[in-house]
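Residue numbers (our numbering): 21 to 263. Glycine included, C-beta positions come from ideal geometry on N, C-alpha and C. Given the structure is predicted, the values throughout are model-derived calculations rather than measurements. Have a look at the structure below before the remarks.
Following this line, the structure appears as structure tokens:
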């Protein structure tokens, strides 16, 4: 009788559903994102709204079928803001996973051999994603040797990507623009980034080889990384003082 009574009591007692890891991860991410938002008050509402939806969807998927990525872009007047915002956004996401962030600086590799850079990026990403760094920031993506960027086929190839529980942020500085106009729509921003990367990555008058960037390979790369492109406006304090 005692056993029956205990069983009946457990059955009748209302139970609150246990909070899953996914829910906790999302709560932490949203709290951290609000903190980032307060540090960057000059940004468009679209940046926060679209970014939150994009990243929250990936966090709440128990078994993601592909990695999540986005491109942050800015003109020259927002160069420091671009870097700091990418770092803070990456930290907000990684905090939700109790993890760390890998940082790759494209500008520091601009003059290096393309094959060497490609292997170096591959080694770093593989080590990070198999370790405790599921988030990577590829800062100044446009400065990487063009052929080296083909390695991102491996890491951003939708359902065929090598690692799916990962988040990659690419930053692109539009060197021909002082700033991105505040009223320009996101489709126009995407075109600006696409045009700029084509100018940086596509060589003309050289024989095409399997490991050299060409228009077809660029198109494949672009389709893999251009899911969400968000413009960054200058924050005066950060441009003066840094992160």
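Counting C-beta atoms within 10 angstroms of its own C-beta, residue 141 has 16 or more neighbours from the protein chains shown and is therefore classed as buried.
Residues of the same chain with a CB within less than 6 angstroms of the CB of residue 155, apart from the 5 flanking positions on each side, are 110, 113, 114, 121 and 187 in chain order. Look at residue 136 here: in three-state DSSP terms it is helix. In the displayed model, residue 95 falls within a strand according to three-state DSSP. When secondary structure is reduced to three states using DSSP, residue 236 falls in the helix class. The C-alpha of residue 78 is placed about 33 angstroms away from the C-alpha of residue 196. Going by beta carbons, residue 158 and residue 124 fall inside the 9 angstroms limit.
Counting only runs of at least 3 residues, the segment 62 to 117 fully encloses the following beta strand (DSSP E) elements, listed from N- to C-terminal order: 88 to 95.
When the five nearest sequence neighbours on each side are left out, the beta carbons in the same chain lying within less than 6 angstroms of the beta carbon of residue 210 are those of 249, in order along the chain. Taking C-alpha positions only, residue 168 is separated from residue 67 by approximately 29 angstroms.
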